[in-house]
């Protein structure tokens, strides 16, 4: 509830609509409340006295009241919906903006599936609760209180029936709504698991098919889906109890009304119209309580959603610019790792351990090691996708934590291990590197990444539209466009994280030559699993189990680094040919 109250600040800019809407609802409620009284007069006066003119006059009054009620209802719906939709839109915008500031560790803590549920389902649930609050939570209490007052004034003989019926109805609604609140929280958690499983399957569909694991994945999805179904059924069962209980109580009230009221009609102390009016007001009270209960149930569903939204909004971003961050005009690209250690978890299982090395401006540095040696982690530390746990990373002799984060990342061209392109044209994807790049700059970058030839063969060339995930490009083509995107910004530092793994040898050679000639002043990290990709690097760093076990040129490492020798031999190298004699 506290989280939901905090979110109400987003309603402040739309308070005019939030107030005007319920005011229109007051008009609708007033017109609804006078209808049974008008009907009472038609029966007790017009029909009893056979006065057709009176019946017509009161009938026209009923129609007029209904028309005014319609105006009030439409006005309330229009303004309340406008307030609620804008309220939810602003929350969604702030949640998305906050997620964009998250570090990789922040995102890992939530998980993709949960974040998707929060941005979509949870905020929609909050919007629905706000809409119902502005429309129904005003209407329900006004109808409830208004009906009780009118009955007390006009049919006091039947009022004791309300004193019995209403408390029973309220008790039933409160018990069911409170029980449903906890159940809806479990529904949201189960929905998270379904979304996570679905996201994993959609992203890994090719692997699933390649390994013929469809039946297994269907079974796994069936498990989480069944859990969601069971919890949903439980929630629906709780809500379904409400209507039969309320109808039972109201039906009992109607029977009591006919019994007590009928006796009074026979005695001449009460008229038939008054009994019918009382029954109508009893039904209005029923509908009012039903609508109030629906609001409380929707709010009960929104409370867990609000908690989850607040979790995102209140998350402390662990990587951000310092208050007096440095914004140099130009970053040269001299890099020093000084005793750097990093762990993805809090139990100090370091994936990088005491890494120390220095790279000069414009040097081409290869990084190689077995799977899990920490190569990609090292690459992610430079643009501060993650922050070091121990030691420091310096660029131009300045700790990267003191740089303005945007300035730091703008100076680094980062090509991740998995090429990620966005839906839209190839040109739009390249402009992610530099928004105001000229077409000539785009072509130079594409040429350097050996992408010009295949781009020009595509229909519409640079305007060729990519599908979601760029599934209409091959793996090698996606990697080349990703490299071109990084080169467009002419970075001081370039990080290629095994970014040519799907590129043919000829294209890779062209890319390597372009990096040496056109980007000779760019400090380049070439992370690779193949020695052939980094054999001509100025320096090669060898990682093993998170430790730096070798540093030097290809020839130096063949002579001094056992791990490098093993990698070289595993890839078909011949130590005798390289060094004249075999080295152990």
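In the working numbering, the protein residues as written are 6 to 589.
Every residue, glycine too, gets a C-beta built ideally from N, C-alpha and C.
Since this is a predicted model, take the numbers as computed values, not measurements.
DSSP beta-bridge partners for residue 595?
Nothing about residue 595 can be read from this structure; the chain reaches only from 6 to 589.
To the nearest angstrom, how far is it from the Cα of residue 106 to the Cα of residue 433?
Residue 106 sits at position 101 when you count from the first residue of the chain shown. Residue 433 sits at position 428 when you count from the first residue of the chain shown. So the alpha carbons of these two residues sit roughly 22 Å apart.
Which stretch, first to last residue, makes up the beta strand (DSSP E) that contains residue 113?
As a first step, residue 113 must be located in the chain shown, where it is residue number 108. First-last for residue 113: 109 to 115, but that is the alpha helix (DSSP H), not the beta strand (DSSP E).
Runs of beta strand (DSSP E) lying entirely within the segment 228 to 293, each at least 3 residues, in chain order
none
Three or more C-beta pairs below 8 Å linking the segment 41 to 58 and the segment 269 to 283:
yes
Are there 16 or more other CB atoms within 10 angstroms of the CB of residue 508, so buried, or fewer, so exposed?
Here residue 508 is taken as the residue at index 503 of the chain shown, counted from 1. It is buried - the Cβ of residue 508 has at least 16 other Cβ atoms within 10 Å.
With H, G and I counted as helix, E and B as strand and the rest as coil, what does DSSP make of residue 196?
Taking the chain shown and counting its residues from 1, one reaches residue 196 at position 191. Of the three classes helix, strand and coil, the one that applies to residue 196 here is helix, per DSSP.
Quick check for students: name the residue ranges of the beta strand (DSSP E) that lie wholly in the segment 461 to 542, counting only runs of 3 or more.
498 to 502, 528 to 532
Option nearest residue 557 by Cα separation, candidates 518, 370, 526, 271:
Within the chain shown, numbered from 1, the residue matching residue 557 stands at position 552. For residue 557, the nearest C-alpha among the options comes from 370.
For the alpha helix (DSSP H) containing residue 80, name the first residue and the last one.
For this step, residue 80 is matched to residue 75 along the chain shown. 57 to 106 is the extent of the alpha helix (DSSP H) around residue 80.
Please report the straight-line C-alpha distance between residue 332 and residue 412, rounded to a whole angstrom.
By 1-based counting over the chain shown, the position of residue 332 is 327. By 1-based counting over the chain shown, the position of residue 412 is 407. About 6 Å.
Cβ-based neighbour list, residue 525, same chain, cut-off 8 Å, excluding 5 preceding and 5 following:
Mapped onto the chain shown, residue 525 falls at position 520. Cβ neighbours of residue 525 beyond the five flanking positions: 367.
Inter-stretch contact (C-beta, 8 Å, three-pair minimum) for the segment 393 to 406 and the segment 375 to 383
no
Check whether the Cβ atoms of residue 435 and residue 490 sit closer than 8 Å, and answer yes or no.
Stepping through the chain shown from its first residue, residue 435 is reached at position 430. Stepping through the chain shown from its first residue, residue 490 is reached at position 485. In contact: residue 435 and residue 490 (Cβ atoms closer than 8 Å).
Does the beta-carbon distance from residue 503 to residue 534 come in below 8 Å?
Locating residue 503 in the chain shown gives position 498, where the first residue counts as 1. Locating residue 534 in the chain shown gives position 529, where the first residue counts as 1. Their beta carbons are under 8 Å apart, which means residue 503 touches residue 534 by this criterion.
Can you find the residues in the same chain that come closer than 6 Å, C-beta to C-beta, to residue 202, ignoring five residues on each side of it along the sequence?
To locate residue 202, count along the chain shown from 1; it is residue 197. Cβ neighbours of residue 202 beyond the five flanking positions: 226, 229.
Of the residues 248, 219, 124, 118, which one's Cα is nearest the Cα of residue 178?
Here residue 178 is taken as the residue at index 173 of the chain shown, counted from 1. Taking only the C-alpha atoms, the option nearest residue 178 is 248.
At which residues does the alpha helix (DSSP H) containing residue 133 begin and terminate?
Position 128 of the chain shown, counted from the start, is the residue given in the question as residue 133. Start and end: 128 to 159.
According to DSSP, is residue 434 part of a helix, a strand, or is it coil?
Against the chain shown, residue 434 aligns to sequence position 429. Looking at residue 434 - three-state DSSP - the assignment turns out to be helix.
Rounded to whole angstroms, what is the Cα-Cα separation between residue 77 and residue 167?
Mapped onto the chain shown, residue 77 falls at position 72. Mapped onto the chain shown, residue 167 falls at position 162. Cα to Cα, residue 77 sits roughly 28 Å from residue 167.
Cβ neighbours of residue 473 in the same chain (closer than 7 Å, five flanking residues each side left out)
Mapped onto the chain shown, residue 473 falls at position 468. Within the same chain, residue 473 has close Cβ partners 428.
Whole-Å CB distance - residue 431 paired with residue 391, under 8 Å assumed
Position 426 of the chain shown, counted from the start, is the residue given in the question as residue 431. Position 386 of the chain shown, counted from the start, is the residue given in the question as residue 391. Contact doesn't hold; Cβ gap of about 30 Å is too wide.
Is residue 387 helix, strand or coil by DSSP?
Translated into positions along the chain shown, residue 387 becomes position 382. Of the three classes helix, strand and coil, the one that applies to residue 387 here is coil, per DSSP.
Within its chain, find whatever has a CB closer than 8 Å to the CB of residue 40; leave out the 5 residues flanking it on each side and keep chain order.
Here residue 40 corresponds to residue number 35 of the chain shown, with the count starting at 1. Around residue 40: 67, 70, 71, 285.
What does a CB cutoff of less than 8 Å around residue 404 pick up in its chain, not counting 5 residues either side in sequence?
For the purposes of this step, residue 404 is taken as the residue at position 399 of the chain shown. Taken in chain order, the residues that qualify are 397, 398.
With distances taken Cα to Cα, identify the nearest neighbour of residue 387 among 497, 460, 447, 262.
Residue mapping note: residue 387 aligns to position 382 of the chain shown, counting from 1. It is 497 whose Cα lies nearest to the Cα of residue 387.
Do three or more CB pairs link the segment 156 to 172 to the segment 286 to 294 at distances below 8 Å?
yes
Which of the three DSSP states is assigned to residue 119 in this structure?
Counted from its first residue, the chain shown places residue 119 at position 114. DSSP places residue 119 in helix when its eight states are reduced to three.
Euclidean distance between Cα positions of residue 379 and residue 131:
Residue mapping note: residue 379 aligns to position 374 of the chain shown, counting from 1. Residue mapping note: residue 131 aligns to position 126 of the chain shown, counting from 1. Counting only the Cα atoms, residue 131 lies some 42 Å from residue 379.
Hey, could you find the ends of the beta strand (DSSP E) residue 345 is sitting in?
On the chain shown, residue 345 is found 340 positions in, with the first residue counted as 1. 340 to 347 is the span of the beta strand (DSSP E), which, as asked, contains residue 345.
Tell me whether residue 572 is buried or exposed, calling it buried when 16 or more other Cβ atoms sit within 10 Å of its Cβ.
Here residue 572 refers to the residue found at position 567 of the chain shown. Residue 572 comes out buried.
Among the residues of its own chain, which have a CB less than 7 Å from the CB of residue 562, if the five just before and after it don't count?
Mapped onto the chain shown, residue 562 falls at position 557. Correct list, in chain order: 545, 547, 555, 569.
Where residue 370 falls: helix, strand or coil (DSSP):
Here residue 370 refers to the residue found at position 365 when the chain shown is read from its first residue. Residue 370 falls in the strand class under three-state DSSP.
I need the straight-line Cα distance from residue 319 to residue 185, nearest angstrom please.
Locating residue 319 in the chain shown gives position 314, where the first residue counts as 1. Locating residue 185 in the chain shown gives position 180, where the first residue counts as 1. C-alpha separation (whole angstroms): 27 Å.
Going along the chain, which residues of its own chain have a beta-carbon closer than 7 Å to the beta-carbon of residue 417, five neighbours each way excluded?
The residue labelled residue 417 in the question sits at position 412 within the chain shown. Once the five neighbours on either side are set aside, the close Cβ partners of residue 417 are 387, 388, 496, 498, 500.
Is residue 441 helix, strand or coil by DSSP?
The residue given as residue 441 occupies position 436 in the chain shown. The answer is coil: DSSP assigns residue 441 none of H, G, I, E or B.
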